[in-house]
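Data block below; observations after.
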C-alpha cells in the first residue's frame, strides 16, 4: 500500500537488542517486495531500535522529523486542491463508516463534501489521534473522518470531485476480493472473513496458510447474511475483533456453521493452520439452554450466580459461555448446581437456581449464560 500510494515511510526494525532478530533476512525480503533501503542505494530510510534498551529511540524521532521536512513539503501544497488518501477504514455499528485519512494537499473542513471512487462523504467530524475534534485539517495531518455513506477502500484517493477518470489518474485503489461464485474451486478451507478494520483484513489475508481461501470479506460485525452465505458455500465464518451478537451465535449453531471470533491474529492463523493440516476437527456445538444472571453472592472462597433458566435446560457439567451486551466475556463449566439448599443435576426452563463455575468469570447481573456441548 505504501509503495503503491508513494507515501514516504521509514522501515523500523524493533527488538534490535535480541541476538536472533533476523534483520538481515527481513532486509532481503523487503528487496523482494520492491522496497529498497538507503543502504542498498534506494530512497527508503531504515533504523534499528529497541524499546527495552532505548537503542536509537531518539534517533528515530529525529529521522521522522527529517523525512517529514524533506519529503512532505507542506507549504507548497497548502493552496493546492484538496486530496487525501485512506490509510485505514472500518464500520462502527454506532457511528457508521469511519476512515483514517492523510491529507496530501489542500485542506479539509467539517461540512466539506468529498469522494472516493466508490463512496461519498459529507464530513461530519474530524478526530485527531489524541481524540480531539477539530474543524479543519491541512497537509500532513492524519485524522479519523466521519460522514462516509459506505466504508471506503484502503488506498483510495479522496478528492472534491467524483470522477472515475480523475481517480484512476491519481492512484489505482486496492481491490478487495469479490463475492464467491459456485464455480470456484472448493479445495481446502473456505472462510467468510469479517474484521474490525480494512488494515486487519489485509494483514490476515497476507498471512493465511496455504489451503485457506477467503470467499468474501468485509469490515464490521458478523451478520445473519454472513452466516447463511457461509452455510450455502460450505464455509466457516472467521471474525477478528468484531462484535458477536448472541442471536448470530445461536443462528450459526442452529445452522451448523462453524463461527469463531479472535482477538489475536497469531491464534487465528494457528488454528486455521491446524485445521488445514488435519490436527483439529471442527466440532458442531449444540445449545442446551440459556439463563439470565439475577444475582451474585459470596460462598466460601468463590461466588455463586443466581440464575433463571430462560430456555432449554441447564445441567451440572455443561460448558457455559458468558455473554454481556452481545459480547462474549468468557467460557467455563458448571461445577455445582443447587435449587435452594439441595444439589441438583439439572434445572429446566422457568426455574431458578444457584450456580458455581469451575473457573470464575467476571460476571454481572443481567449477563446471559449459554450452555452448550
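Residue numbers (our numbering): 1 to 373. Virtual Cβ for every residue (Gly too), placed ideally from N, Cα, C.
- DSSP places residue 13 in the strand class (E or B) of the three-state scheme.
- With distances taken between CA atoms, residue 143 lies nearest to 103 out of 103, 120, 308.
- Under the three-state reduction of DSSP output, residue 138 falls in the strand class.
- One thing to note: residue 332 has its Cβ within 8 Å of the Cβ of residue 359.
- Between residue 304 and the set 274, 357, 83, the nearest pair of CA atoms involves 357.
- Annotation for residue 271: no beta strand (DSSP E) segment contains it, though the alpha helix (DSSP H) segment containing it runs 265-276.
- Only residues of its own chain outside the window of five on either side were considered, and among them 88, 89, 90, 219 have a CB closer than 7 Å to the CB of residue 197, listed in chain order.
- Judged by pairs of C-beta atoms under 8 Å, the segment 9-18 touches the segment 36-51, as three or more such pairs exist.
- Our two residues, residue 51 and residue 18, have alpha carbons roughly 11 Å apart in a direct line.
- Under the 10 Å beta carbon count, residue 233 is surrounded by 16 or more other beta carbons and is classified as buried.
- Around the beta carbon of residue 156, 16 or more other beta carbons lie within 10 angstroms, which makes this residue buried.
- Using a 10 angstroms sphere on the CB of residue 297, the tally of other CB atoms stays under 16, which defines it as exposed.
- Note on geometry: alpha-carbon atoms of residue 352 and residue 318 lie some 16 Å from one another.
- Residue pairing by DSSP places residue 372 opposite 287, 319 in a beta bridge.
- The shortest CA-to-CA distance from residue 236 to any of 366, 212, 151 is the one to 212.
- Below 8 Å, too few C-beta pairs join the segment 114-124 and the segment 52-68 to call them touching: fewer than three.
- Note on geometry: alpha-carbon atoms of residue 122 and residue 239 lie some 30 Å from one another.
- By DSSP's assignment, residue 308 forms a beta bridge with 292, 352.
- The beta carbons of residue 322 and residue 259 sit about 17 Å from each other, so the pair does not count as a contact at 8 Å.
- In the DSSP assignment, residue 261 is bridged to 239.
- The criterion of a C-beta distance shorter than 8 Å is satisfied by residue 263 and residue 241.
- In this structure residue 83 is not in contact with residue 107, their Cβ atoms being roughly 11 Å apart against a cut-off of 8 Å.
- Distance from the Cα of residue 188 is smallest, within the candidate group 277, 249, 291, for 277.
- In the assembly as shown, residue 97 is a buried residue. Its beta-carbon has 16 or more other beta-carbons within 10 Å.
- Listed in chain order, the beta strand (DSSP E) runs fully inside the segment 17-73 are 46-48, counting runs of at least 3 residues.
- Rounded to the nearest whole angstrom, the C-alpha separation of residue 150 and residue 60 is 37 Å.
- Scanning 329, 371, 299 for the CA closest to the CA of residue 364 turns up 329.
- With respect to the 8 Å criterion, residue 145 and residue 99 are classified as neighbours on the basis of their beta carbons.
- Taking 8 Å as the cut-off, the Cβ atoms of residue 7 and residue 85 count as close.
- Spatial neighbours of residue 288 in its own chain (CB-CB distance under 8 Å, excluding positions within 5 residues in sequence) are listed in chain order as 312, 313, 314, 315, 318, 371, 372, 373.
- Straight-line spacing of the CA atoms in residue 230 and residue 253 works out to 12 Å.
- With respect to residue 217, residue 193 sits close: the two C-beta atoms are nearer than 8 Å.
- For residue 226, the enclosing alpha helix (DSSP H) covers residues 224-233.
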